[in-house]
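First to last, the protein sequences are chains A and B. For the first sequence, the numbering used here begins at 20 and goes up steadily by one. For the second sequence, the numbering used here begins at 13 and goes up steadily by one. A short write-up of the structure that comes next.
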Amino acid sequence: MKQKTDVQQGTLALMVLKTLDVLGPLHGYGVARRIEQISGDLLSVNQGTLYPVLLRLEQEGSVASEWGPSENNRRARFYRLTPAGRKALQEEKRDWEQTAAIVARFFDVKAGELS
Amino acid sequence: MKALNRLIRRVVNFTTRRRGEERLREEIESHIAAQTEENIRAGILPAEAARQARVKFGATEPIRQDYRAEEGLPLLEDLMLDVRYALRVLWKSPAFTLVGIFTLALGIGANVVVFGVVNAVLLRPLDVSDPHNLYQLRLKPWTSGKALTTSYPAFEDYRQRNTTFSGLAGYNGFTGGRLRWGNAVKNVSGYSVTGNYFELLGVQPQLGRLVQPTDDRGPNSAPYMVLSDSLWRTAFNADPSVVGTPVRLGKYPFTVVGVAPARFHGTERFQWPDYWTPVVNNFDAKYLQDRKGRPLTVLGRLKPGVTPERTAEDLSAIAAQLAKEYPTTDTGVPLRLVRPGLQGDARDVIRGFLYGVTGLTLLVLVAACANLASLFAARAADRNRELALRVALGASRWRLVRQLMTEAIVVSMLGGAAGLVAATLLLGALNRGQSPPPGQVAVSVDTGVNLAALLLTLVSGLLFGMIPARQVWQSSPLQAIKSGPADSTPRRRLSLRDLLLGAQIAICTLLVTASFVSVRGMVRMLHAPLGFQPQSAMIAEMAVSEEGDVPLEQKKKAMLEAVQSIPGVTAAGTVSKVPFTGGLRGIPVFPPGTTEFTLNHSVLEPYGLTISPGYFETAGTRLLSGRDVSWHDTAEAPHVAVVNATFARTMWGDAPAIGQRFIVFDHLREVVGIVEDSKYNEIGESPPPAFYLPFSQHEQANTTFIVRSQRAQNEMAAALERTLSGFAPDASIMVQSWRDAMAGALFPSRAAASGLGVMGLLAAMLAVTGIFGMAAYNVSRRMKELGIRVALGARTKHVISAAVGRPIVLLGVGSFAGLILCVLASRLLAQIVYQANPRDPVVVLGAVLTMALLGLAASAIPALRALAVDPSKLMRTE
């Protein structure tokens, strides 16, 4: 089996933002589950590392949080995207797409085109 | 923006001590519960489900740490923890802490005081606009004494002919007199300045206007006076309507036109004028044409891009031109540029002195650091087991080193703060209780001084913190825990602590010796032959007015007779200028038969003084041969002179000088007497040649009466002033004791002796604490061993040598090294002290004795403690 990719902090933060963008307010467990599902278990995070990232995003002002009841009536902390977070997400998304496009073009290059 | 938000939140969290511990714990709990439920739903047994949930979540402790680190400012938090721990540890050993703080407070305090003075005297720029571009003209030969440069006509020539200055201004810094306004009278001294003086310096008035270029419109065209801030405040109660007030200076009327700003005190740091008047209105208007004198000090601003060297060449060329044009008056001596502020060349002396003292003060700090380093090292050795335990429990060495460094820095900060406060108080007291001779110089603790104190504190903290840190770095926990507390470090032949103590003692010996040298220098200086006896003599300086019908000579004679008849006066005489009060200059002397009195025909430029009969007797100058001047040497009689021994030897060698002739002040004069040499400007000078003329044969308005009497000084001063002002109510009369008048000349040696004396005292204290600390520590660590020795029947001698032998040996070696250092540093000492000679046997003996006594005193208590060891008690306790 292939080694699970070590998720870098920045990527994880981006995933968190995107998850909250798509699904609306979520608690920490929900975010973790979602990321795990989408990355197809390839990115099974050491789930706890999510919490410092969430805190950091909150301190940056990208997300806000408050207590609320979870589906099974537990007290859970719900995170939601702030307008600043949405803007940050768009910027990051653009950056990623640009990077990805450049890398993709490099992979597409054939030997003859470089000479 | 995001980063800023984050930083702000972190700082807020840090300062409000808000902690999300609870929140994180709850979130983790809820997360794991949710995961467990999910697992159970997937068909896993409940116990296993919870375990897997936890595995998936990962180790909570690192997450918690990350979370905390993200939340606040971890570096600062750790630092706070360290500091708090350090304070707790230090609090638990108050004696150690107090000694540390006190030691460092001494070192830092001494440095702050010295740096404050250096800053005020040397480093801080003058309060004029663009001070870096301001220069003072000075004659090329290095001369001590007052900063006189040119005559007024020569100044005008320089101003018109030079090509390198954007502006030249001159001032006469030696004017003064009795200031009268309303019914009040006050003796003042001030500057008479050229019209562009304030403009050149870029000074703006705080009230009214200053002297301005349009005031230069010929003699007596501008009877205006600008007051200094302090005169305005003390004499005029800071009256804002002072502008327009008529005042009289001497008998000349002036009108106050403005007040200079509070921060401006002219360009001399030690001589603050009370007022400024236009040079065209100086009461001695003659000197606007006279090329002979050199009353003006000249300041100038260079044009951009011009170097001082080129300027000096340009000026010297002009001087040579002037010497050709006016051969009888202008010497053509080349000029150079110096920085204004410290009486011309005195700057070099003052700088040497201050930097020398600074060096010695830094040594005090180094000795204090060595002292503290050995204290801390001893403590670290005692705490070896604690530290080893912490290493064994997983603390990183780096963490421990940081902890010890923090302790050192905390102690150094406390000590530095204490030192700074003490120094500030001391400097404040110095400023208030300033004696007039060194003049006013405002020493204040400004930002620079504070920064320097902080820097010194930090550096010394790091210095003495490094020693214990190094010890911890190298220690092995296993060894420390295995061995007992009494013997935790292997005894090397020469430990680092021994070296530290040795170095400390060497430095202290150096300082103690230096203070002995300076005190010796001071004593020697006080007994140096001056060629006159200033003790118990009073002097009264005044300008005798030339106006009126009575000739000056007769006025003076009448005044002298009046002074002589004051009850209690045993001797009285007059002289044109008292030695050691400055303002003397060489007067060209020509051999008989000279027809062309150009300066290059002169044979000697001795000092010339005019005196009354009886001056030598009053001053205490011995007549070697011939006779004193007498009342019979009138203007009609053949002109005579008395010369000093150096004059006679230089002019005529071994031939008898009496009966020889020379020409000075346009008259052929015959030598009728020879007096002993004396000093004129400073105690260190080799005796200059000088001649004395009877005042009846060469008139000078400036006169100083010298009076000896049996009566109390203040009584005599009052009587003198009363008598003299009866003759000249308007003249400014300065009465003081001759000693006080000389205080300025003696000040450097006094300052050196007291400064170095204090430093020697500090050093002695440091040496005592160092030796005491080491010996006491030695004894306490070896208590058990000493107990066993005593139990086995060791003799007193052996116990003592075991207890304090090592410190005593170190004392000997260190003192010897210190004495050698002192001999090597004699050049430095020579900068500070008159005739410094560290090889003087009295000094060496004194230093050795002092150090021996200090050593004895410091090791006595530990030695007694060692002797009082009671073996049975000791065995039972350990």
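Using N, Cα and C, we set each Cβ at its ideal position, and we do this for glycine too. Since we're looking at a predicted model, the values are computed, not measured.
Of the listed residues the options, nearest to residue i (C-alpha basis)
i	options	result
residue 599/B	765/B, 305/B, 399/B	305/B
residue 874/B	789/B, 841/B, 522/B	789/B
residue 482/B	865/B, 99/B, 389/B, 223/B	389/B
residue 84/A	126/A, 46/A, 37/A, 69/A	46/A
residue 716/B	438/B, 621/B, 661/B, 16/B	621/B
residue 564/B	475/B, 708/B, 486/B, 650/B	708/B
residue 293/B	164/B, 568/B, 870/B	164/B
residue 628/B	590/B, 606/B, 646/B, 605/B	590/B
residue 764/B	603/B, 837/B, 666/B, 527/B	527/B
residue 385/B	108/B, 796/B, 19/B, 55/B	108/B
residue 738/B	554/B, 25/B, 475/B	554/B
residue 344/B	303/B, 309/B, 313/B	303/B
residue 315/B	178/B, 189/B, 257/B	178/B
Collapsed DSSP secondary structure at residue i in the structure displayed
i	result
residue 135/B	helix
residue 447/B	Low local confidence applies: a pLDDT of 47 at residue 447/B is under 50, so the model's placement there is unreliable, with the coordinate-based value given in what follows. The answer is coil: DSSP assigns residue 447/B none of H, G, I, E or B.
residue 41/B	helix
residue 530/B	helix
residue 1/B	The first residue shown for chain B is 13 and the last is 890, placing residue 1/B beyond what the model contains.
residue 25/A	Annotation note: pLDDT 48 at residue 25/A (below 50); position unreliable, coordinate value reported separately. Of the three classes helix, strand and coil, the one that applies to residue 25/A here is coil, per DSSP.
residue 606/B	coil
residue 614/B	coil
residue 692/B	coil
residue 250/B	coil
residue 714/B	strand
residue 289/B	strand
residue 600/B	coil
Below-9 Å beta-carbon distance, residue i vs any chain A residue
i	result
residue 27/B	no
residue 36/B	yes
residue 351/B	no
residue 18/B	yes
residue 47/B	yes
residue 891/B	Chain B is shown only over 13 to 890; residue 891/B falls outside these bounds and no answer can be derived.
residue 21/B	yes
residue 69/B	yes
residue 42/B	yes
residue 90/B	no
residue 104/B	no
residue 81/B	yes
residue 796/B	no
residue 75/B	yes
residue 15/B	yes
Cβ of residue i within 9 Å of any chain B Cβ
i	result
residue 83/A	no
residue 108/A	no
residue 71/A	yes
residue 67/A	yes
residue 93/A	yes
residue 47/A	yes
Integer Cβ distance of residue i from residue j, believed to fall under 8 Å
i	j	result
residue 636/B	residue 687/B	6 Å
residue 421/B	residue 540/B	Incorrect: roughly 49 Å between the Cβ atoms, too far for contact.
residue 59/B	residue 52/B	Contact doesn't hold; Cβ gap of about 10 Å is too wide.
Quiz item: Any contact of the stretch 311–327 of chain B with the stretch 198–207 of chain B, i.e. 3+ C-beta pairs under 8 Å?
Solution: no
Practice problem: Pair every Cβ in the stretch 106–124 of chain A with every Cβ in the stretch 40–50 of chain B, then say whether three or more of these pairs are closer than 8 Å. | Solution: no
Self-check item: Three CB pairs or more closer than 8 Å across the stretch 456–474 of chain B and the stretch 505–518 of chain B
Solution: no
Quiz item: Between the stretch 729–742 of chain B and the stretch 520–534 of chain B, do three or more beta carbon pairs fall short of 8 Å?
Solution: no
Quiz item: Are the stretch 566–577 of chain B and the stretch 763–780 of chain B touching by the rule of at least three beta carbon pairs closer than 8 Å?
Solution: Touching, no.
Quiz item: Hey, is the stretch 271–283 of chain B in contact with the stretch 240–259 of chain B, meaning 3+ C-beta pairs nearer than 8 Å?
Solution: yes
Quiz item: Just checking, does the stretch 83–97 of chain A make contact with the stretch 94–109 of chain B on the three C-beta pairs under 8 Å criterion?
Solution: no
Quiz item: Is the stretch 160–179 of chain B touching the stretch 225–242 of chain B, taking contact as three or more C-beta pairs under 8 Å?
Solution: no
Quiz item: Is it true that the stretch 419–432 of chain B meets the stretch 113–131 of chain B, where meeting means three or more beta-carbon pairs spaced less than 8 Å apart?
Solution: The stretch 419–432 of chain B, when compared against the stretch 113–131 of chain B, does touch it at the 8 Å Cβ threshold.
Quiz prompt | At least 3 beta-carbon pairs within less than 8 Å: the stretch 396–407 of chain B vs the stretch 799–815 of chain B | solution = no
Quiz item: Does the stretch 329–344 of chain B come within contact of the stretch 188–197 of chain B, defined as at least 3 CB pairs closer than 8 Å?
Solution: no
Quiz item: Can at least three beta-carbon pairs, one atom from the stretch 92–102 of chain A and one from the stretch 96–106 of chain B, be found at a separation below 8 Å?
Solution: The answer is no - the stretch 96–106 of chain B does not touch the stretch 92–102 of chain A, with fewer than three Cβ pairs under 8 Å.
Quiz item: Counting pairs of Cβ atoms below 8 Å between the stretch 371–383 of chain B and the stretch 119–134 of chain B, do you hit three or more?
Solution: Yes, the stretch 371–383 of chain B touches the stretch 119–134 of chain B.
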